[in-house]
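Residue numbers (this note's numbering): 125 to 298.
Written below as structure tokens is the structure these notes are about.
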Amino acid sequence: RGKRLGAKIEWGCQKWDGMLPALFANKFDLIVASMSITEERRQRIDFSESYRVSIGQFVGAKSKGYKLFNADNTPDPAAFRGVRVGLQRATTYDNWIQAKVPAATVVRYDTVEQLYLERKSGRVDVIMTNPMKTYLEFLSKPDGAGFEVVGPQLEEEKYFGQGVGVGVRKGNAD
Numbered sequence: 125r126g127k128r129l130g131a132k133i134e135w136g137c138q139k140w141d142g143m144l145p146a147l148f149a150n151k152f153d154l155i156v157a158s159m160s161i162t163e164e165r166r167q168r169i170d171f172s173e174s175y176r177v178s179i180g181q182f183v184g185a186k187s188k189g190y191k192l193f194n195a196d197n198t199p200d201p202a203a204f205r206g207v208r209v210g211l212q213r214a215t216t217y218d219n220w221i222q223a224k225v226p227a228a229t230v231v232r233y234d235t236v237e238q239l240y241l242e243r244k245s246g247r248v249d250v251i252m253t254n255p256m257k258t259y260l261e262f263l264s265k266p267d268g269a270g271f272e273v274v275g276p277q278l279e280e281e282k283y284f285g286q287g288v289g290v291g292v293r294k295g296n297a298d
């Protein structure tokens, strides 16, 4: 693959919170990892055009009937008290919850896969992540039986950015 770029593509794996340091250390040239295009990240790296929207959503056990949002779809801080929220560290979801529900009990993980395991095991009450990925990798699978989305899809550009793009080092137009 890589015909359009005229290059041979080599894939590599990197923990999310080390993604930008590894890019700056020239361990790879592109970040293709559903990275949201935020103003904070634009100060450090350049992006391709957006290739999909960037949104977040909570998932919890159907049996619990979590009501974490008010009728106008704003978060209800009181409803988050005592609820353990799992999310991936160093993400837009982490930024959103710190700004909107700072008193929430947050448990941070290195990977989305860890979130699904922790939610299934009951070590966290709800998880916050991308609705599309959550549906494809968890809710539509046998392990996701008994779980549902909790609240609205969250699309605040201030936190989730202007979509998702390929990240590159500043000035790396090629």
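We put the beta carbon where it would ideally sit given N, CA and C, even for glycine.
Cα atoms of Y233 and R128: separation of roughly 35 Å, rounded to the nearest angstrom. Three or more Cβ pairs closer than 8 Å define a contact, and the stretch 197-212 meets that threshold against the stretch 245-257.
For E242, the enclosing alpha helix (DSSP H) stretches over residues 236-245.
Boundaries of the beta strand (DSSP E) around T229: 229-233.
Exclusion of the five residues before and after Y240 leaves F262 as the residues of its chain whose Cβ lies within less than 6 Å of its Cβ.
Within the same chain, Cβ atoms closer than 7 Å to the Cβ of V156 are found at V290, the five residues on either side in sequence being excluded. Per the Cβ contact rule, the stretch 274-288 is not in contact with the stretch 130-149 (fewer than 3 Cβ pairs under 8 Å).
Exclusion of the five residues before and after N219 leaves Y283 as the residues of its chain whose Cβ lies within less than 7 Å of its Cβ. Exclusion of the five residues before and after K224 leaves P199 as the residues of its chain whose Cβ lies within less than 7 Å of its Cβ.
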